[in-house]
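Below is one structure, written out as structure tokens; the observations come after it.
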Amino acid sequence: MLSLLKKLTAPTSVPVASQPAADKVDPYILGLHDAMLSGWFNQETGELFKGFPVTADDTLLDVGCGDGGNVHFCGMRGAKIIIADIDGAKVEATRQRLSDTPARGVECHVTDCNPLPIADGTATRVVSTEVIEHVDDPAQFLAELVRVGQSGALYLLSVPHPSSEDLQKDIAAPEYFQKPNHIRIISEEQFKAMVSEAGLEIISHSQYGFYWSMWMMLFWEAKVEFSNPDHPLLNHWAETWQAVLDSPRGAQIKQALDAVVAKSQVIIARKP
Numbered sequence: 062m063l064s065l066l067k068k069l070t071a072p073t074s075v076p077v078a079s080q081p082a083a084d085k086v087d088p089y090i091l092g093l094h095d096a097m098l099s100g101w102f103n104q105e106t107g108e109l110f111k112g113f114p115v116t117a118d119d120t121l122l123d124v125g126c127g128d129g130g131n132v133h134f135c136g137m138r139g140a141k142i143i144i145a146d147i148d149g150a151k152v153e154a155t156r157q158r159l160s161d162t163p164a165r166g167v168e169c170h171v172t173d174c175n176p177l178p179i180a181d182g183t184a185t186r187v188v189s190t191e192v193i194e195h196v197d198d199p200a201q202f203l204a205e206l207v208r209v210g211q212s213g214a215l216y217l218l219s220v221p222h223p224s225s226e227d228l229q230k231d232i233a234a235p236e237y238f239q240k241p242n243h244i245r246i247i248s249e250e251q252f253k254a255m256v257s258e259a260g261l262e263i264i265s266h267s268q269y270g271f272y273w274s275m276w277m278m279l280f281w282e283a284k285v286e287f288s289n290p291d292h293p294l295l296n297h298w299a300e301t302w303q304a305v306l307d308s309p310r311g312a313q314i315k316q317a318l319d320a321v322v323a324k325s326q327v328i329i330a331r332k333p
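Position 156 of the sequence shown, counted from 1, bears residue number 217 in this note's numbering, the numbering being contiguous throughout.
Now the structure itself:
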């Protein structure tokens, strides 16, 4: 379940593709497009997320790399990539995925991050998306992330937004809120406090993902598999959201709804 949750809450760097010729809208391609509208994977600026540029000069560490979508984007920028995840299969799959990129180096670690087997001051960019809600000791986890960053390093951190998590409480499968999945709901203020108390300077704090929040609500009701989410509830929702985005004020509507119910909250921070 952890890897499937990660797939939903952290976008991958699959290129934007046109929808199939048939009427059915691919929910994952649509979700990727929605994430890009929120600031992810900007090919023109080289930003993994708005305010988080990655260049060939960077050494980027992704802790909790999952399926490797984030680091694939960064590898394509030519950065040195360090990946760390507790799941050895995910680490190996991500290593293989990076083999077709111009990354100037790839370093892999299978670890629970307590501690990270990485030297102090190694990374210029540190990424950890949708991980903190899973760990037993967020303060220890963040301390390790801070330790391995250079002075001036940028951090891209995300956790589920409480607006979406609260909606799931009485609808989601019980294991959604059980170890090793989401063992805590983190408020906006708690998230900012965690990051600040770890010694980082917060640059921005944003949220996105109304589309996925609603999709997840319907997913639990549909009782289908993540690998084949074919159900009228989900299909109609994807079609509706596609129509919203295609409408003249689609971007404005998306922005307004993301501000009310969001799947994720994102902090960009800097190590002094």
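By construction, the Cβ of each residue, glycine as well, lies at the ideal position given by its N, Cα and C atoms.
Could you check the C-alpha separation between residue i and residue j for me, to the nearest Å?
i: Cys135; j: Ile142; result: 8 Å
i: Ser248; j: His222; result: 7 Å
i: Gly112; j: Tyr216; result: 10 Å
i: Ala140; j: Met255; result: 28 Å
i: Gly129; j: Ala304; result: 30 Å
i: Gly100; j: Ile314; result: 16 Å
i: Glu108; j: Ile329; result: 12 Å
i: Val321; j: Lys240; result: 28 Å
i: Thr106; j: Glu282; result: 39 Å
i: Glu153; j: Thr183; result: 22 Å
i: Gly332; j: Ser257; result: The sequence shown places Lys at residue 332, rather than the Gly named in the question. Those two C-alpha atoms are separated by around 10 Å.
i: Arg165; j: Ala117; result: 8 Å
i: Arg186; j: Glu168; result: 14 Å
i: Leu121; j: His243; result: 26 Å
i: Ile179; j: Gly127; result: 19 Å
i: Ser274; j: Leu294; result: 14 Å
Which term fits residue i, buried or exposed, when burial requires 16 or more other beta carbons within 10 angstroms of its beta carbon?
i: Phe287; result: exposed
i: Ala297; result: Note on identity: in this sequence residue 297 is His, with Ala being the wrong assignment. Exposed.
i: Pro88; result: buried
i: Arg310; result: exposed
i: Glu205; result: buried
i: Ala214; result: buried
i: Pro199; result: buried
i: Asp319; result: buried
Using three-state DSSP, classify residue i as helix, strand or coil.
i: Ser79; result: With a pLDDT of 44 at Ser79, under the threshold of 50, the predicted position of this residue should be treated as unreliable, and no value is reported.
i: Pro178; result: coil
i: Asp87; result: coil
i: Pro290; result: coil
i: Arg138; result: coil
i: Thr155; result: helix
i: Gly130; result: helix
i: Ala145; result: strand
i: Ile263; result: strand
For residue i and residue j, which I take to be in contact (beta-carbon distance under 8 Å), what is that distance rounded to the nearest angstrom?
i: Ala323; j: Ser224; result: 6 Å
i: Thr172; j: Ile193; result: Not confirmed; about 16 Å, so no contact.
i: Ala34; j: Val207; result: No answer is possible for residue 34: it lies beyond the span of the chain, which begins at 62 and ends at 333.
i: Asn131; j: Asp119; result: Not really, about 13 Å apart at Cβ, beyond 8 Å.
i: Pro163; j: Met137; result: 7 Å
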